[in-house]
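As structure tokens, the structure follows; a few thoughts come after it.
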Amino acid sequence: MSWGTELWDQFDNLEKHTQWGIDMLEKYIKFVKERTEIELSYAKQLRNLSKKYQPRKNSKEEEEYRYTACKAFLSTLNEMNDYAGQHEVISENMTSQITVDLMRYVQELKQERKSNFHDGRKAQQHIETCWKQLESSKRRFERDCKEADRAQQYFEKMDADINVTKADVEKARQQAQLRHQMAEDSKAEYSSTLQRFNQEQWEYYHTHVPNIFQKIQEMEERRIVRIGESMKTYAEADRQVIPIIGKCLDGIVKAAESIDQKNDSQLVIEAYKSGFEPPGDIEFEDYTQPMKRTVSDNSLSSAKEGKPELKFGGKSRGKLWPFIKKNKLMSLLTSPHQPPPPPPASASPSAVPNGPQSPKQQKEPLSHRFNEFMTSKPKIHCFRSLKRGLSLKLGATPEDFSNLPPEQRRKKLQQKVDDLNKEIQKETDQRDAITKMKDVYLKNPQMGDPASLDHKLAEVTQNIEKLRLETQKFEAWLAEVEGRLPARSEQSRRQSGMYDGQTQQPVTNCAQDRESPDGSYTEEQSQESELKVLATDFDDEFDDEEPLPAIGTCKALYTFEGQNEGTISVVEGEMLSVIEEDKGDGWTRIRRNEDEEGYVPTSYVEVYLDKNAKGAKTYI
């Protein structure tokens, strides 16, 4: 089967077919190129996706990745990054092994095709030239034969005519002979040209054309084989990365299997455990008996049931937060939170059988009161507490982390101590290196001046001393939290005073305060037993604190029945002391005698503030 013998007369169709083959090859190259672009785009999108969900450095997200589920997710992101890398490998292999190679082959194929068809056209032109020569010699032979025949007829006519001279007859005879000779020459030339053409034609159809078409056939077959090989390479480029992609997927499965829900639950406990004990039971309050609205002394006062109360000087004291007096705790739990009721519409309060509306129509749950209590910030009792409370209001964290629960505070302090120890080790290594360098300079003065290192060595030594003092301060706070020390020693107080920029006396030092106002928390009750000696002085000092001073007086315009915690009942015309004016919420805090105080609607009283020299100011 050969195109030279079977398709000897299909030169133009072969030319079209081979051009189609080249177009087909270029189309396949374009397909592979677009596939490589898709692979690169897919890999880029996968990498961007992996990068998008990577935890940001020095952010809260980075802390979340201590959980096993988050670690597994991070491993999945890393594996997806490697997965994207394999798609980049596919693109690179296809580009180098298929696209570049085929583009070079197409150029060679076009050049070979052009050369083969050029030879074919050249042979075709040669046979056409031979044919034209044959036709020309044939026409000349035909013309000469006709001319010889006419000359012969003219001679015979002249020879038969008796009126023609002998000279004219001889002339006609010579002309006829000349024409006959020319015809013979044309015949010989035609015969020779015909033989030559037949030879050329045979060689053209049996030698030149088969050879040229055979080359074109081989070229086309090589193109077909090359496309097949490229398709195999296309598949192999994918198959080569399948094992690595499988490993990536196996890594994702392994990461998923490493998730430990129990471990994550334990980490949640470690992250948010406060160290407090649940509050005790709340006493029953009998509203059927006329009595003052107070909160039970035992409400939320015992951090742990079953433990004996601390005894100081023969007095039993149940404390939830040290240094907060009972009336202040009660005011925190019973402050009204709803808008006050409007004054009665009638002139006399007797027109309303049940009295004015209570500040709260239904009681709020105790959990809401407890949350308000935990987040409230009453008066701060010492300069250090004032400083700490101011820092909290400004958004700063106290240096000793006293705003955190005990367990969380202990972890923060431990982390701080570890970081300081690392800094100390780093500075120590630097000091040792400088010392060694100084010794080298002393032994070999030509290498450097030893005195040039004294300033740097003194600076590093000073940094180490500062870090050690800082570490001792945090270790003292850590020991205080862990219960290793009953209270901070005088030395730790002095160190704390150095870093706070002030000198404090041991008794008035409030570093170990655990007051609620500035967001800090109390120690566990087991630690209170260790502090009972020093706590006696503090309790006596703050239990003797004077109540809030009166800032004016007020007169009740209407009778108000306090029906909720934090309010106080008043009778029309009653005079009382004002200890806190209206802050914009519609309530005024008043006191009756020295031990009964609460809130009444501002519109129910006429207030006379001492600071107003011009007279009374009425809130209506």
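All residue numbers for the sequence shown refer to the numbering used here, where the first residue is 1119 and numbers rise by one. Beta carbons are placed, not taken as given, at the ideal position from N, Cα and C, and that holds for glycine.
- Straight-line measurement puts the Cα of I1363 at about 11 Å from the Cα of V1207.
- For secondary structure counted as the alpha helix (DSSP H) over 4 or more consecutive residues, the region 1147-1198 holds these complete runs in sequence order: 1178-1182.
- Non-local C-beta neighbours of R1528 in its own chain, meaning closer than 7 Å and more than five positions away in sequence, comprise L1596, V1599 and E1600, ordered along the chain.
- Taking C-alpha positions only, C1188 is separated from C1366 by approximately 18 Å.
- The continuous alpha helix (DSSP H) containing G1346 extends over residues V1327 to E1375.
- With a beta-carbon spacing of about 11 Å, I1708 and L1666 fall beyond the 8 Å limit used to define contacts.
- Beta-bridge partners assigned by DSSP to L1727: G1670.
- Taking 8 Å as the cut-off, the beta carbon of F1273 is found closer than this to the beta carbon of A1290.
- Here the C-alpha atom of R1239 lies approximately 30 Å from the C-alpha atom of F1259.
- A1161 and A1353 have their C-alpha atoms spaced approximately 19 Å apart.
- In this structure, Q1215 lies near A1355, with their beta-carbon atoms less than 8 Å apart.
- Judged by DSSP secondary structure, V1386 falls within the alpha helix (DSSP H) whose first and last residues are Q1379 to Y1390.
- Collapsing the DSSP output to three states places I1400 in coil.
- Scanning T1671, E1715 and V1723 for the CA closest to the CA of E1690 turns up V1723.
- In terms of Cβ geometry, T1677 and V1688 form a close pair [threshold 8 Å].
- Residue nearest to I1669 within the set L1522, E1210 and D1728 is D1728 (criterion: CA-CA distance).
- Of the other Cβ atoms in all chains shown, 16 or more fall within 10 Å of the Cβ of P1516; this residue is therefore buried.
- For the options M1693, I1330, N1711 and P1719, the alpha carbon positioned closest to that of G1702 is the one of P1719.
- Distances from the alpha-carbon of E1593 to those of K1530, I1345 and K1544 put K1530 closest.
- Here I1245 carries a helix assignment [DSSP, helix/strand/coil].
- Here H1573 is exposed. Its C-beta has fewer than 16 other C-beta atoms within 10 Å.
- Bounds of the beta strand (DSSP E) holding G1716 are E1714 to P1719.
- In the assembly as shown, D1399 is an exposed residue. Its beta-carbon has fewer than 16 other beta-carbons within 10 Å.
- Secondary structure note for I1686: it is in no beta strand (DSSP E), with a DSSP letter that is neither H nor E.
- Only residues of its own chain outside the window of five on either side were considered, and among them Y1185, T1186 and A1187 have a CB closer than 7 Å to the CB of D1382, listed in chain order.
- DSSP places S1520 in no alpha helix (DSSP H); its state is neither H nor E.
- Apart from sequence neighbours up to five positions away, the residues of its chain that approach D1277 with a beta-carbon distance below 7 Å are V1287, ordered along the chain.
- For the 8 Å CB-CB criterion, P1524 and G1369 do not form a contact.
- When the Cα atoms are used, T1325 and H1205 turn out to be separated by approximately 53 Å.
- Following the DSSP letters along the chain, one finds S1309 inside the alpha helix (DSSP H) bounded by residues K1284 to E1321.
- Counting C-beta atoms within 10 angstroms of its own C-beta, M1693 has fewer than 16 neighbours from the protein chains shown and is therefore classed as exposed.
- Taking all protein chains in view, the Cβ of P1328 is crowded by 16 or more other Cβ atoms within 10 Å, so the residue is classified as buried.
- Contact between the region 1336-1344 and the region 1290-1306 is absent: fewer than 3 CB-CB pairs across the two stretches fall below 8 Å.
- Distances from the CA of I1330 to each of D1127, G1680, Q1543 and E1347 were compared; the closest alpha carbon is that of D1127.
- DSSP places E1588 in the uninterrupted alpha helix (DSSP H) bounded by D1572 to E1600.
- The residues P1173, in chain order, have a CB closer than 8 Å to that of E1179 in the same chain once the five nearest residues on each side in sequence are set aside.
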